[in-house]
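Remarks on the structure that follows.
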Amino acid sequence: MTATASATALYDVPGPHARRRHRLYGAIGGLVILGIVAGVVLLLVDTGQFTAAKWRPFTYVGIQELLLRGLGNTLRAFGMAAVLSLALGAVLACGRLSEHRAVRWVATLVVEFFRAMPVLVMIFFVFVALKVQPLPALVTGLTLYNGSVLAEVFRTGVNSVDRGQGEAAYSLGMHKTQVMTHVLVPQALRAMLPAIISQLVVALKDTSLGFLITYEEFLHAGKLIAGNLDYDLPFIPVVMIISPIYIGLCMLLSRLATLAARHQRRSVKTETDKVAPAEPGTLLPGTGAHP
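One point on numbering: in the working numbering, the residue at position 231 of the sequence shown is 250, and numbering is uninterrupted.
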């Protein structure tokens with residue numbers, strides 16, 4: 020009974036008629052989706068997107084190696100940008116939470132500037148103006164933007180923790196670093212984790228901007244294949260191969276976040292210590308009599 024009540028706390032339990040309506044709406048919606056998918060498939064067939072000439076290039080070892088190399092470069096850029104963005108976000112969040120006004124102002128200025136600046140502009144500026152190689156330019160642009168966004172995520176998460184938690188830690192003699200690392204951040208991590216993963220997904224998708232500065236990432240490899248006249252310009256087949264891989268990587272990140280949150284919930288000790296029952300011969304405090 021408790022599980023049912025907690026599971027339906029946000030809405031009323033549907034009755035028999037409502038459940039029949041929901042099943043009907045679901046069936047109608049499923050048929051509409053199937054109709055749209057069938058229409059798209061027929062359109063692709065009519066335009067010759069499933070001909071053997073357009074799909075034959077993917078059987079070549081050279082094309083497969085090109086795609087794998089591009090995927091590896093994408094994951095490489097994403098891994099570097101993710102680590103650096105998390106580090107930069109943590110530093111900027113500490114600056115925004117600092118007790119020194121000058122530090123807060125500088126951190127706020129940096130965060131607001133790079134949050135407002137388009138990612139592509141930063142990438143092009145580093146690549147063209149500073150004459151940096153494609154990979155460092157791409158990673159720098161992604162780090163500056165995503166790091167500034169994550170800084171706000173971290174700051175908001177820490178501020179969302181009940182104020183009494185920090186005050187209780189200070190009353191025990193803990194200094195600010197201990198309060199942040201041992202009290203506030205562990206509690207705020209649960210609230211921050213979905214937003215962190217969402218921003219990392221954004222960083223993963225933004226690695227595709229690297230093809231504009233000739234970085235040989237996954238989309239760049241697909242563009243080389245799609246624009247080849249010898250392969251009959253297989254643009255749609257390239258999209259049909261690359262898109263599921265991007266979607267799968269994003270879903271993998273979300274799955275890892277779910278597993279991390281589940282592990283964190285299991286690792287937190289919520290059970291209280293059991294108190295031993297009073298013995299019959301225990302004396303009351305201040306007296307010599309038995310209870």
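No residue lacks a Cβ here, since even glycine has one placed at the ideal position from N, Cα and C.
This one's a predicted model, so the numbers in the text were calculated from it and none came from an experiment.
Item                                                                                                                                                     : Value
What do you get for L161, buried or exposed, if any count of 16 or more other CB atoms within 10 angstroms of its CB means buried?                       : buried
Report the three-state DSSP secondary structure of F230 (helix, strand or coil).                                                                         : helix
Assuming F237 and I261 are in contact, meaning their beta carbons sit under 8 angstroms apart, how far apart are those beta carbons, in whole angstroms? : 6 angstroms
Sort Q83, T78, F143 and W74 by Cα distance to L228 and report the nearest one.                                                                           : F143
For the alpha helix (DSSP H) that E171 lies in, which residues bound it at each end?                                                                     : P153 to S179
Would you tell me roughly how many angstroms separate the C-alpha atoms of G34 and L43, rounded to the nearest one?                                      : 14 angstroms
Taking Cβ positions, are A96 and L163 nearer each other than 7 angstroms?                                                                                : no
Is G176 closer than 7 angstroms to M211 when the C-beta atoms are compared?                                                                              : yes
Should S190 be labelled buried (16 or more other beta-carbon atoms within 10 Å of its own) or exposed?                                                   : exposed
Whole angstroms are fine: how far does the CA of R40 sit from the CA of R88?                                                                             : 50 angstroms
Could you please give the first and the last residue of the uninterrupted alpha helix (DSSP H) stretch that includes R209?                               : V204 to D225
What are the boundary residues of the alpha helix (DSSP H) that R42 is part of?                                                                          : P35 to D65
Using CA coordinates, which residue listed in G45, L50, R182 and T159 is at the minimum distance from V204?                                              : R182
Tell me which same chain residues have a C-beta within less than 7 angstroms of the C-beta of P76, skipping the five on either side of it?               : I82, I244, Y250 and P253
Using only alpha-carbon positions, find the residue among A46, V102 and W124 that is nearest to N165.                                                    : V102
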